[in-house]
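Peer 1:
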Amino acid sequence: TTTTSPLLFQGTLLNQQGNTIAGAKIQLWQTDLDGNYLHPHQGAATSPKSPEHSTILSDFQYFGTDATDINGNFEFLTYRPGIYPNRP
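With the first letter of the sequence shown counted as 1, position 67 gets the number 86 in our numbering; the numbers rise by one all the way through.
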């Protein structure tokens with residue numbers, strides 16, 4: 020595992036009319052620093068470096084959940100993810 024920079028991902032959730040949406044559940048899924056992605060039904064990360072499953076990092080969650088505030092805002096503090104070349 021290599022080191023990477025912290026990443027603050029934030030935004031405002033809007034409906035089709037441009038109005039903010041309060042209380043909505045937002046999920047963020049991402050790879051770890053090595054590009055491994057957690058697939059929930061597999062129980063292990065899929066490594067782009069081999070067809071085998073790699074061990075997931077014990078100190079990385081791979082996903083986060085937040086709820087928008089009264090103004091539709093949300094934010095996640097994470098790390099810049101690694102490259103996941105197997106993405107469709």
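Glycine is no exception: its CB is placed at the ideal position from the N, C-alpha and C atoms.
For leucine 32, collect the residues of the same chain with a Cβ closer than 6 Å to its Cβ; drop the 5 residues on either side in sequence, then sort them by chain order.
Peer 2: For leucine 32, where only same-chain residues beyond five positions count, the Cβ hits under 6 Å are Ile40, Ala43, Thr87, Gly91.
Peer 1: My assumption, with CB atoms under 8 Å, is that glutamate 94 sits in contact with glutamine 29. Please give the rounded CB distance.
Peer 2: 4 Å
Peer 1: By how many angstroms is the C-alpha of glycine 101 removed from the C-alpha of tyrosine 81?
Peer 2: 11 Å
Peer 1: Is asparagine 38 near the ligand GTP, judged by its Cβ being under 8 Å from some heavy atom?
Peer 2: Ligands in the displayed structure: none, and consequently the ligand GTP is not present.
Peer 1: Tell me which same chain residues have a C-beta within less than 7 Å of the C-beta of glycine 79, skipping the five on either side of it?
Peer 2: In the sequence on display, residue 79 carries phenylalanine and not glycine. Excluding sequence neighbours, phenylalanine 79 sits near Asp51.
Peer 1: What residues are listed by DSSP as bridge partners for proline 104?
Peer 2: None; proline 104 has no bridge partner.
Peer 1: According to DSSP, is asparagine 55 part of a helix, a strand, or is it coil?
Peer 2: coil
Peer 1: Apart from the five residues just before and just after aspartate 85, which ones in its own chain have a Cβ nearer than 6 Å to its Cβ?
Peer 2: Ile45, Phe93
Peer 1: According to DSSP, is isoleucine 45 part of a helix, a strand, or is it coil?
Peer 2: Note: isoleucine 45 maps to strand in three-state DSSP.
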